[in-house]
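Notes follow the structure.
There are 2 protein chains.
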Amino acid sequence: MLDVCLLGTGGMMPLPFRFLTSLYLRYNGSVLLIDCGEGTQVALRKKGLSPYPIGAICFTHFHGDHISGLPGLLLSMGNAGRTEKLRLYGPRGLQRVVSMLRVVAPELPFEVECNEFAGETADFEVNGYHVHAFKVNHNVPCYGYAVSIDRLGKFSPERAKEEGIPLGFWNRLQHGETITDGDRVYTPEMVVGPARKGLKVTYVTDTRPTESMVENAKGADLFICEGMYGPVDVPPNFREKKHMLMSEACEIARDAGVPALWLTHFSPAEMHPQDHEEALRAIFPGTVVPKDGISTELNFIDE
Amino acid sequence: MLDVCLLGTGGMMPLPFRFLTSLYLRYNGSVLLIDCGEGTQVALRKKGLSPYPIGAICFTHFHGDHISGLPGLLLSMGNAGRTEKLRLYGPRGLQRVVSMLRVVAPELPFEVECNEFAGETADFEVNGYHVHAFKVNHNVPCYGYAVSIDRLGKFSPERAKEEGIPLGFWNRLQHGETITDGDRVYTPEMVVGPARKGLKVTYVTDTRPTESMVENAKGADLFICEGMYGPVDVPPNFREKKHMLMSEACEIARDAGVPALWLTHFSPAEMHPQDHEEALRAIFPGTVVPKDGISTELNFIDE
Numbered sequence: 000m001l002d003v004c005l006l007g008t009g010g011m012m013p014l015p016f017r018f019l020t021s022l023y024l025r026y027n028g029s030v031l032l033i034d035c036g037e038g039t040q041v042a043l044r045k046k047g048l049s050p051y052p053i054g055a056i057c058f059t060h061f062h063g064d065h066i067s068g069l070p071g072l073l074l075s076m077g078n079a080g081r082t083e084k085l086r087l088y089g090p091r092g093l094q095r096v097v098s099m100l101r102v103v104a105p106e107l108p109f110e111v112e113c114n115e116f117a118g119e120t121a122d123f124e125v126n127g128y129h130v131h132a133f134k135v136n137h138n139v140p141c142y143g144y145a146v147s148i149d150r151l152g153k154f155s156p157e158r159a160k161e162e163g164i165p166l167g168f169w170n171r172l173q174h175g176e177t178i179t180d181g182d183r184v185y186t187p188e189m190v191v192g193p194a195r196k197g198l199k200v201t202y203v204t205d206t207r208p209t210e211s212m213v214e215n216a217k218g219a220d221l222f223i224c225e226g227m228y229g230p231v232d233v234p235p236n237f238r239e240k241k242h243m244l245m246s247e248a249c250e251i252a253r254d255a256g257v258p259a260l261w262l263t264h265f266s267p268a269e270m271h272p273q274d275h276e277e278a279l280r281a282i283f284p285g286t287v288v289p290k291d292g293i294s295t296e297l298n299f300i301d302e
Numbered sequence: 000m001l002d003v004c005l006l007g008t009g010g011m012m013p014l015p016f017r018f019l020t021s022l023y024l025r026y027n028g029s030v031l032l033i034d035c036g037e038g039t040q041v042a043l044r045k046k047g048l049s050p051y052p053i054g055a056i057c058f059t060h061f062h063g064d065h066i067s068g069l070p071g072l073l074l075s076m077g078n079a080g081r082t083e084k085l086r087l088y089g090p091r092g093l094q095r096v097v098s099m100l101r102v103v104a105p106e107l108p109f110e111v112e113c114n115e116f117a118g119e120t121a122d123f124e125v126n127g128y129h130v131h132a133f134k135v136n137h138n139v140p141c142y143g144y145a146v147s148i149d150r151l152g153k154f155s156p157e158r159a160k161e162e163g164i165p166l167g168f169w170n171r172l173q174h175g176e177t178i179t180d181g182d183r184v185y186t187p188e189m190v191v192g193p194a195r196k197g198l199k200v201t202y203v204t205d206t207r208p209t210e211s212m213v214e215n216a217k218g219a220d221l222f223i224c225e226g227m228y229g230p231v232d233v234p235p236n237f238r239e240k241k242h243m244l245m246s247e248a249c250e251i252a253r254d255a256g257v258p259a260l261w262l263t264h265f266s267p268a269e270m271h272p273q274d275h276e277e278a279l280r281a282i283f284p285g286t287v288v289p290k291d292g293i294s295t296e297l298n299f300i301d302e
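Same order as they appear, the protein sequences are chains A and B. The first sequence begins at 0 in numbering that gives the first Met the number 0 and counts up by one. The second sequence begins at 0 in numbering that gives the first Met the number 0 and counts up by one.
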């Protein structure tokens, strides 16, 4: 089971009724956070979620509304007595940005590890999450994230018994290990079926539409995408500012064939984004224009 | 008239129901802010106050809960099209801290001027405010602020007419100018009475009790002071952490003879600080244990 919570839905600045966009994923007891603007630690608390299990934070880019909540979150983690390493991921420059923001959080009782990437894509694994970062089109280097939880092939106890494989080897075999036991060799293929469909969430914000978004949304169980502006009060320079219309996000969701889309990163001038939901569903029926704190559980399909 | 609003009453970390401690003063259309932790821009908006008239921000010290809201506030000011210079005041190191935090707000359409001070006290004037900074006792350099609005002496139109002083000179004389007009010399003393009692607010947080606090609270119309801990659940190391009990703040208010005390900077563990108000009034009757956004108007006494 993968818990998904969109802690905030705002862009540009936090508002009394709308936190900044941040995604909270929890799988197997470990939390992956994407983006951390001013107030994200408050949004966490408001949802009754602890910062304690956050093992990693990914940043799309280094504009203030996506990272300025980091020093406060680090301090709160430290005050709570955290000693476990925290892993941060983001575009080239992450180490520099984090070290500068830490001018107000210089001493922490835990290690903060910065992992930078560049280029069109990057892949890494952390705490059971497979993370694929892909470049999008903002006015600074900015990445979307496709986060996947793989699912192992189905283990067949019947086959294992037929082969006479000792019980102590079963788990290791399911995890892909080949085991030599005296003159016998046990391979995963003997007892494990093909890998099954896992879970995938794709998160993209602060960009113009790109082909990479469509490609990386494909196969996602949930696509979370910037829709900064609705059909009215659109600033004429939104393309130069490298932001998207809600309708553009719906078109990408439709083209990618995802089952569900959550829009986010609403303009502070957009007071009632939910008013547009019905019209947007004409473009893509799975559109949800959420409020802060929307959450869901994604489950493996029973086979 | 001096408008006073305590935007938040929290210490250490922002909470869903309690913003971090920040003081908003407005006099003659210009706002002086003291401290700006994570979420202060949200607290402003929640009170319906604009960041636009903020002409100056004073920082007590550079712990995250007192300054980490600065980059977000600067960005929001910039997004709103501000072009007026913003003046910042704080202990030595301000320029360095601000420039590091501005890694996420590097380009702004207005100038940010940093004014540092050191030593036991510092005095400066900004936008009609007289500000006296005085050192307190925290684990990093930290200052309290006594902010005063002076009041000019009373102008006597009767005396001015008797002296035959042209109307066009009256305002200049009231503001202390001596004017030579042909062979006549007009001095303020001819038409202006002695300076009258002005307004004064003293704000102190993040310190153990000091004699400087008592001295600088004297004569204040309102004393705003840290009272991080109530009578229960006090961490044994609060003295080493250089924080204060509510009761200690009340003793200082009593010793300074102020008319009113607002406590602030409550510990996140203190869920119901208001529960202690009645008991604290036994120490100092003018004690208020406020909630976020408490405000008042201070007016010159009619003479």
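Just so you know, even glycine gets a beta-carbon here, dropped at the ideal spot from N, CA and C.
{"Check": "Quick one, which residues of the region 5-39 of chain B are near chain A if we go by CB-CB under 7 Å, in chain order?", "Outcome": "11, 12, 13, 14, 15, 37, 38"}
{"Check": "Helix, strand or coil for residue 264 of chain A, going by three-state DSSP, please let me know.", "Outcome": "coil"}
{"Check": "Checking 9 Å against the spacing of the C-beta atoms, do residue 220 of chain B and residue 200 of chain B come in under that value?", "Outcome": "yes"}
{"Check": "Evaluate contact between the region 83-94 of chain B and the region 108-122 of chain B, counting only Cβ atoms and requiring at least three cross-stretch pairs below 8 Å.", "Outcome": "yes"}
{"Check": "Cutting at 6 Å between CB atoms, please list the residues of its own chain near residue 42 of chain A, excluding the five before and the five after it.", "Outcome": "6, 7, 18"}
{"Check": "I believe residue 64 of chain B touches residue 36 of chain B by the beta-carbon criterion, under 8 Å. Please report the beta-carbon distance rounded to the nearest angstrom.", "Outcome": "4 Å"}
{"Check": "State the beta-bridge partners of residue 2 of chain A as determined by DSSP.", "Outcome": "A:25, A:296"}
{"Check": "What separation, rounded to the nearest whole angstrom, lies between the Cα atoms of residue 28 of chain A and residue 257 of chain A?", "Outcome": "26 Å"}
{"Check": "With DSSP collapsed to three states, give me the class of residue 216 of chain B.", "Outcome": "helix"}
{"Check": "Is DSSP giving residue 107 of chain B helix, strand or coil here?", "Outcome": "coil"}
{"Check": "Entirely within the region 140-175 of chain A and at least 3 residues each: give me those beta strand (DSSP E) ranges in chain order.", "Outcome": "142-150"}
{"Check": "With DSSP run on the structure shown, which of helix, strand or coil describes residue 291 of chain A?", "Outcome": "coil"}
{"Check": "So which of B:240, B:239, B:249 has the shortest CA-CA distance to residue 229 of chain B?", "Outcome": "B:249"}
{"Check": "Near residue 292 of chain A, what residues of its chain come up, given a Cβ to Cβ distance below 6 Å and the 5 sequence neighbours on each side ignored?", "Outcome": "46"}
{"Check": "Residues of chain A with CB under 9 Å from residue 77 of chain B, in chain order?", "Outcome": "Per Cβ cutoff of 9 Å: no residues; residue 77 of chain B is ~10 Å from chain A at best."}
{"Check": "Can you check which of these residues, A:102, A:77, A:81, A:128, is closest to residue 23 of chain A by C-alpha distance?", "Outcome": "A:128"}
{"Check": "Helix or strand or just coil, what does DSSP make of residue 195 of chain A?", "Outcome": "strand"}
{"Check": "Taking the alpha-carbon of residue 244 of chain B as reference, which of B:44, B:205, B:105 has the nearest alpha-carbon?", "Outcome": "B:205"}
{"Check": "Measuring alpha carbon to alpha carbon, tell me which of B:39, B:225, B:21 ends up nearest residue 266 of chain B.", "Outcome": "B:225"}
{"Check": "In angstroms with no decimal places, state the Cα-to-Cα distance between residue 295 of chain B and residue 274 of chain A.", "Outcome": "38 Å"}
{"Check": "Would you please verify whether the beta carbon of residue 238 of chain A is less than 9 Å from any beta carbon of chain B?", "Outcome": "no"}
{"Check": "At a CB-CB cut-off below 8 Å, which residues of chain B make contact with residue 62 of chain A?", "Outcome": "103"}
{"Check": "Identify the continuous alpha helix (DSSP H) that holds residue 282 of chain A and give its terminal residues.", "Outcome": "That residue, residue 282 of chain A, is in no alpha helix (DSSP H); it is neither H nor E in DSSP."}
{"Check": "Give the residues from the region 69-101 of chain A that approach chain B closer than 7 Å (Cβ to any Cβ), ordered along the chain.", "Outcome": "70, 71, 74, 75, 78, 96, 99, 100"}
{"Check": "I need the boundaries of the beta strand (DSSP E) containing residue 100 of chain A, first residue and last residue.", "Outcome": "First-last for residue 100 of chain A: 93-100, but that is the alpha helix (DSSP H), not the beta strand (DSSP E)."}
{"Check": "With H, G and I counted as helix, E and B as strand and the rest as coil, what does DSSP make of residue 39 of chain B?", "Outcome": "helix"}
{"Check": "Determine the DSSP secondary structure at residue 253 of chain B, reduced to helix, strand or coil.", "Outcome": "helix"}
{"Check": "For chain B, find out if any of its Cβ atoms is closer than 9 Å to the Cβ of residue 111 of chain A; answer yes or no.", "Outcome": "no"}
{"Check": "If distances are taken between C-alpha atoms only, which option among B:126, B:135, B:168, B:157 comes closest to residue 84 of chain B?", "Outcome": "B:126"}
{"Check": "So which residues on chain A does residue 67 of chain B lean against when the C-beta distance must stay under 7 Å?", "Outcome": "70, 71, 103"}
{"Check": "Quick one: which chain B residues come within Cβ less than 9 Å of residue 44 of chain A?", "Outcome": "12, 13, 14, 15"}
{"Check": "Nearest-angstrom Cα distance between residue 203 of chain A and residue 12 of chain A?", "Outcome": "18 Å"}
{"Check": "Name the chain A residues whose beta carbon is nearer than 8 Å to that of residue 311 of chain B?", "Outcome": "With chain B running from 0 to 302 in the structure shown, residue 311 of chain B is simply not present."}
{"Check": "For residue 178 of chain B, write down the residues that DSSP places opposite it in a beta bridge.", "Outcome": "B:185"}
{"Check": "For a quick check, are the C-beta atoms of residue 190 of chain B and residue 158 of chain B less than 9 Å apart?", "Outcome": "yes"}
{"Check": "Rounded to the nearest angstrom, what separates residue 154 of chain B and residue 168 of chain B at their Cα positions?", "Outcome": "12 Å"}
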